[in-house]
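65 is the number that full-length UniProt numbering gives to position 65 of the sequence shown; each next residue is one higher, with no gaps.
Even for Gly, the Cβ is constructed at its ideal location relative to N, Cα and C.
Given the structure is predicted, the values throughout are model-derived calculations rather than measurements.
For reference, the structure is listed below as structure tokens.
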Amino acid sequence: MTVPVVPLSGLPERVTIYEVGPRDGLQNEKAIVPAEVKAEFVTRLADAGLRTIETTSFVHPKWVPQLADAEQLLDILPRSPRLRYPVLVPNERGLDRALANGVTEIAIFGSATETFARRNLNRTVDESLAMFAPVVERARAEGLWVRAYVSMVCGDPWEGDVPVEQVVSVASRMMDMGCSQLSLGDTIGVGTPGQVTALIEALTEAGVGTDRLAVHFHDTYGQALANTLAALRAGVTVVDASAGGLGGCPYAESATGNLPTEDLVWMLNGLGVETGVDLAGLVSTSRWMAGRLGRPSPSRVVQALSPESE
């Protein structure tokens with residue numbers, strides 16, 4: 001089955017998919033996935049045309065045991081100038097590990113709300129930003145590319161609705177540190193297109209333009225694709241997605257899986273927007289990983305294009 005191509009006006013010609021499956025997708029898995037399997041997952045994703053693949057995190061193994069093999073994984077991954085392997089770095093100790101392993105791109109992760117900052121980082125928002133500042137400064141001095149994640153941009157399970165002004169304040173402070181890109185995370189998937197549009201417009205007015213923005217949607221309420229389309233219409237051209245819809249958040253139980261990369265590619269293919277991704281190869285990869293995890297992929301496109309559904 002191929003998708004009919006019917007373009008819409010006001011969309012970018014090309015979208016960069018920032019693949020988070022190996023890191024954000026697997027971090028919530030209780031059964032430890034061997035480093036060799038993770039490496040094959042990354043390699044298969046690259047073979048399918050994905051060029052930016054967030055591979056792992058240098059958080060303390062106590063907090064995310066699934067990613068305790070970060071050094072081992074990076075050591076066995078094939079390197080190529082055409083591939084980007086960003087890693088998550090929470091603090092200066094994590095940065096030390098990243099630098100020691102030849103990492104050239106990192107991401108820091110903050111929160112727009114106090115409660116989630118406490119639960120995720122055991123710090124207030126101000127304290128977490130103070131922790132990130134020297135990380136970004138050192139990383140930039142070493143020539144690294146730095147991304148900033150901001151979680152809970154549309155809603156928080158403990159605090160409810162999150163005011164746009166609150167998100168803009170935290171996001172602006174992170175970007176003022178010297179980060180190159182800001183990923184807006186609807187961690188519990190409650191956002192809707194109007195909210196997404198208003199947030200992007202507010203950030204643009206605050207000086208954080210769409211050329212420096214990415215979006216990261218969870219599909220808890222089935223809004224991830226609609227929100228992505230709204231972001232694209234607002235000028236965003238970088239979209240986070242997870243192969244097979246893997247993922248969640250270990251510190252927010254209401255956060256279900258990420259936007260499946262396959263569902264995103266199907267929509268973009270139908271809109272005539274280029275991604276450089278081979279959908280068939282991507283579906284095959286997610287089916288392979290689903291087999292390793294012992295359960296079917298939640299991606300609707302993976303389900304629809306699997307042989308048993310034909």
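Asked, Found
"Residues near F41 in its chain [Cβ-Cβ closer than 6 Å; skip 5 each side]", "P22, M289"
"Boundaries (first-last residue) of the alpha helix (DSSP H) holding E274", "Element bounds for E274: n/a, residue is neither H nor E."
"Contacting residues, own chain, Cβ-Cβ under 6 Å from R233 (five flanking each side not counted)", "G10"
"Classification of P298 by the beta-carbon crowding that lies within 10 angstroms, buried from 16 upward", "buried"
"Residue span of the beta strand (DSSP E) that contains L26, given as start and end", "No beta strand (DSSP E) contains L26, which DSSP labels as neither H nor E."
"Given 8 Å, three or more beta-carbon pairs between the region 183-198 and the region 214-228", "yes"
"For E71 and P61, the rounded distance between their alpha carbons", "12 Å"
"Short Cβ contact (8 Å threshold) for N213 with L225", "Note that residue 213 is Leu in the sequence shown, not Asn. Cβ distance not < 8 Å, so L213 and L225 don't count as in contact."
"Distance, V59 Cα to L77 Cα", "19 Å"
"For Q166: DSSP bridge partner residues", "Answer is none; Q166 lacks a bridge partner."
"Beta-carbon separation (whole angstroms), R138 vs L88, contact threshold 8 Å", "Their Cβ separation, rounded to whole angstroms, is 16 Å, which puts R138 and L88 out of contact at 8 Å."
"Presumed contact (8 Å Cβ cut-off) between A243 and S286, rounded CB distance", "5 Å"
"Cβ shell of E274 (< 6 Å), same chain only, five flanking positions each side left out", "R14"
"Cutoff 7 Å; reference R82; Cβ partners in own chain excluding five residues on either side", "R51"
"Nearest residue (CA-CA) to N227, options L246, L199, G247, G207", "L199"
"R14 (DSSP reduced to helix, strand or coil)", "strand"
"G25 burial status per 10 Å Cβ neighbour count (16 or more: buried)", "buried"
"Inter-residue Cα distance where the pair is A304 and L282", "13 Å"
"Nearest-angstrom Cβ-Cβ length linking G272 and V5, presumed shorter than 8 Å", "5 Å"
"At least 3 beta-carbon pairs within less than 8 Å: the region 113-128 vs the region 140-147", "no"
"Element boundaries [alpha helix (DSSP H), containing M135]", "With the sequence shown as reference, residue 135 is identified as Val, and Met is not the correct amino acid for it. Its alpha helix (DSSP H) spans residues 125-141."
"Per-residue DSSP class, three states only, for A32", "The identity of residue 32 in the sequence shown is Ile, whereas the question assumes Ala. Residue state, collapsed to three classes: coil."
"CB of P86 within 8 Å of CB of E54, strictly", "yes"
"Three-way DSSP call (helix, strand, coil) for P193 in this model", "helix"
"Closest Cα partner of S128 within the set P90, G160, K38, Q223", "P90"
"For R147, the residue or residues it bridges with in DSSP", "A107, Q181"
"Sequence-distant residues of its chain with Cβ nearer than 6 Å to P296 (five each side left out)", "A290"
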